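The structure appears below as structure tokens.
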Amino acid sequence: MGDIQEIKPAELDMYQNEARLGSEEQPITSDQNVGPTMPPSRKTQRTSEHTENNVSSTPNRTRSKGSPSKKIKAEADWRVSNSQDTTQMQPFVASKTTDWKHVLYNLLVENHNALHPKDTLLLPIEVLVNGKWRPGFRINPELQPKIAFADLYAIHIRKEPIDELSKDCPFVQDLYKFYWRSSHQLTSKYFKKVGAWMFVYEGRHLFIPGEKLDVAKARIKEIETKQRRKKKEDDSDENV
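In structure tokens:
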């Protein structure tokens, strides 16, 4: 055994002071980590931000996963077009409608004639694009539009109604997804997409409140796809 070193009185006082200071510290609870402090996880940070936003009188808009800031801005910069014209408008005959633009027009006519326009599938709106308000329309996300548009596409474009098929069948579910994407892509051929649910007109308008059906039909017939408009622009540039 080695020699026991003698502790001097001064050193003994120092050890006693340290022991007394240590006993005055807060005890470690089960919620505290022993060891080096680790940075908070992403889940903890999101929970903390959510709590702070609920307490604050002016909540901060946080970006959720998979929602880019541009999408949030585009969704914020729009307003419903409130027409002063109360004339009941006539839609295209549904059983004879095979033009997708006519299907969209009928939805806007339904909105115009409705007692509660905000409860319809399509809303006439204005969107702020590059500092200017541009007319267009917005799909109402609260009315299960993916199912409704798939049904409309199946009836008017495919001529094969699917609304009576069992939605529990995986094949039917895939069919609904396919028809929804097809209807969305077809809409994008004619109108500029500016948000998750919004489109603006480029050139001629799809819908004008209070307009006669025959006048609307002639105007809608002149609405071209974006590809055809681009081709005309390219041809005109070559002729200059």
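Okay, so the sequence shown: first residue is 101 according to my numbering, each after it adds one.
Cβ atoms here follow ideal geometry from the backbone N, Cα and C, with glycine treated the same way.
All of these numbers come straight from a predicted model, not from anything done at the bench.
- In summary, residue 256 is buried, with 16 or more beta-carbon neighbours lying within 10 Å of its beta-carbon over all protein chains present.
- Every alpha helix (DSSP H) of 4 residues or more that sits fully in the region 161-249 is shown, in chain order, as 169-176, 200-213.
- Contact check for residue 304 against residue 322 passes: the beta carbons are separated by less than 8 Å.
- The beta carbon of residue 217 sits closer than 6 Å to those of 211, all from its chain and outside the five residues before and after it, given in chain order.
- Minimum Cα-Cα distance from residue 185 among the listed residues 311, 199, 281, 227 corresponds to 311.
- No Cβ-Cβ contact shorter than 8 Å links residue 208 with residue 249.
- Straight-line measurement puts the Cα of residue 278 at about 11 Å from the Cα of residue 271.
- According to DSSP, residue 299 shares a beta bridge with 237, 293.
- Under the three-state reduction of DSSP output, residue 268 falls in the coil class, being neither helix nor strand.
- Residue 260 carries a coil assignment under DSSP once its states are collapsed to helix, strand and coil.
- DSSP places residue 305 outside both helix and strand once states are collapsed to three, so it counts as coil.
- Going by C-alpha positions, residue 301 is about 23 Å away from residue 242.
- For residue 190, the closest of 181, 213, 183 by C-alpha to C-alpha distance is 213.
- Taking every protein chain shown into account, the CB of residue 318 has fewer than 16 other CB atoms within 10 angstroms, so this residue is exposed.
- Of the candidates 200, 205, 225, 206, 225 places its Cα closest to the Cα of residue 295.
- For residue 223 against residue 240, the beta-carbon gap comes to about 6 Å, under 8 Å, which counts as contact.
- In the DSSP assignment, residue 317 falls within the alpha helix (DSSP H) that extends over 313-321.
- If the five residues before and after residue 284 are omitted, its C-beta is found closer than 8 Å to the C-beta atoms of 249, all from its own chain and listed in chain order.
- By the neighbour-count definition (other C-beta atoms within 10 Å, threshold 16), residue 215 is an exposed residue.
- Closest in C-alpha terms to residue 192, from the list 282, 315, 178, 244, comes 315.
- A Cβ-Cβ separation of about 15 Å leaves residue 196 out of contact with residue 320 under the 8 Å criterion.
- Inclusion of residue 276 and residue 325 in the CB contact set at 8 Å is not warranted, their separation being larger than that value.
- Across the structure, residue 306 and residue 268 are spaced so that their CA atoms are roughly 36 Å apart.
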